[in-house]
Amino acid sequence: MGRIIAVANQKGGVGKTTTTINLSAALAEAGQKVLLIDLDPQGNSTSGVGVDKRSLKNTIYELFLGTTDYNQCLIKTEYDNLWLLPANINLSGAEIELLDMERREYLLRNILEPVKKDYDFVVIDCPPSLNMLTVNALAAADTVLVPIQCEYYALEGLSQLLQTVSLVRKRLNPDLRLEGIVFTMYDARTNLSVQVVENVRKNLKENIYKTIIPRNVRLAEAPSHGMPITAYAPTSTGADSYRLLAMEVIARKQ
Numbered sequence: 743m744g745r746i747i748a749v750a751n752q753k754g755g756v757g758k759t760t761t762t763i764n765l766s767a768a769l770a771e772a773g774q775k776v777l778l779i780d781l782d783p784q785g786n787s788t789s790g791v792g793v794d795k796r797s798l799k800n801t802i803y804e805l806f807l808g809t810t811d812y813n814q815c816l817i818k819t820e821y822d823n824l825w826l827l828p829a830n831i832n833l834s835g836a837e838i839e840l841l842d843m844e845r846r847e848y849l850l851r852n853i854l855e856p857v858k859k860d861y862d863f864v865v866i867d868c869p870p871s872l873n874m875l876t877v878n879a880l881a882a883a884d885t886v887l888v889p890i891q892c893e894y895y896a897l898e899g900l901s902q903l904l905q906t907v908s909l910v911r912k913r914l915n916p917d918l919r920l921e922g923i924v925f926t927m928y929d930a931r932t933n934l935s936v937q938v939v940e941n942v943r944k945n946l947k948e949n950i951y952k953t954i955i956p957r958n959v960r961l962a963e964a965p966s967h968g969m970p971i972t973a974y975a976p977t978s979t980g981a982d983s984y985r986l987l988a989m990e991v992i993a994r995k996q
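So, in structure tokens, the structure goes:
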């Protein structure tokens with residue numbers, strides 16, 4: 743049975759989509775069958791694995807509305823073991839479209855229930871806000887992975903996200919738990935990055951991954967080429983870091 747991981751942080755610019763794409767690719771490279779779900783209307787996870795989001799006829803949005811089915815929406819990426827449920831700007835209309843739907847919080851869970859057994863991991867890229875799409879991801883997920891940027895305001899909004907997770911656990915998904923927190927954009931040359939990591943580890947009793955994702959030029963370049971870092975710069979520090987993170991995620995499943 744596949745483990746469903748929602749990658750969430752309502753604070754933008756923390757490496758959420760970068761982590762979703764590259765963790766998915768590293769898990770797939772390690773031989774795990776992975777379904778990547780793009781639940782962000784920006785569609786960056788879709789373009790980040792080489793799919794042209796502008797030319798798509800069927801996306802997760804149409805799947806929510808019931809105008810297409812799962813198999814018509816599913817895309818086999820060019821990478822072994824990696825499949826995609828894509829998104830584009832159409833998904834920005836979902837908030838309004840879903841208003842009148844019954845049990846709208848469970849749309850994604852109902853889509854995944856029959857197919858999650860086909861994958862080892864399902865990784866969901868949530869939008870950078872706590873909206874109905876994020877609630878759908880949390881209602882469907884087994885765990886939540888939270889990327890935190892190594893900067894002064896790192897903990898800003900984290901308590902709100904953890905509160906939302908707690909609320910979803912009470913009302914929608916009693917089995918939801920925190921997968922862990924992963925530090926991103928770490929720069930060992932700055933005291934600030936070191937202090938942020940020490941501060942979070944001291945004050946937060948949640949699971950924190952040992953792997954820390956560094957600031958890396960190759961990581962920043964990869965999305966413009968529509969490639970995960972493991973394909974764009976396989977020997978880079980960024981690629982190695984996401985491979986290590988993937989190993990930790992696999993170990994926690996066992």
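Numbering of the sequence shown is given in our numbering, commencing with residue 743 and proceeding in unit increments. Positions of the beta carbon are idealized from the N, C-alpha and C atoms, including for glycine.
With at least 16 other beta carbons inside 10 angstroms of its own, Q891 counts as buried. Across the set L875, K995 and E847, the C-alpha of K995 shows the shortest separation from the C-alpha of G922.
Distance from P976 to N786 at the Cβ level is roughly 21 Å; contact not present, criterion being Cβ atoms closer than 8 Å.
Here D794 is exposed: its Cβ has fewer than 16 other Cβ atoms, across all protein chains shown, within 10 Å. With respect to E990, Y951 sits close: the two C-beta atoms are nearer than 9 Å.
Its chain contains N823, Y861 and D862 as the residues whose beta carbon lies nearer than 6 Å to that of K775, once the 5 sequence neighbours on both sides are disregarded; these appear in chain order.
Residues of the same chain with a CB within less than 6 Å of the CB of A768, apart from the 5 flanking positions on each side, are T972, Y984, R985 and A988 in chain order. Straight-line measurement puts the Cα of P856 at about 16 Å from the Cα of G808.
For I955, the secondary structure class from DSSP, reduced to helix, strand or coil, is coil. Remark: C-beta atoms of T801 and D867 do not approach each other more closely than 9 Å. Counting other Cβ atoms within 10 Å of its Cβ, E898 stays below 16 and is therefore classed as exposed.
Less than 9 Å separates the beta-carbon of E820 from that of V791. If only uninterrupted beta strand (DSSP E) runs of at least 3 residues are considered, those enclosed by the stretch 883-931 are 885-891 and 919-926. Annotated three-state conformation of K818 is strand, per DSSP. If you check the CB distance, P869 and K753 do not come in under 9 Å. By the CB criterion at 9 Å, T885 and A772 fall outside the cutoff. Ranking N751, L816 and L850 by CA distance to the CA of L900 puts N751 first. If only complete runs of 4 or more residues are kept, the stretch 759-805 shows the alpha helix (DSSP H) at 786-790, in order along the chain.
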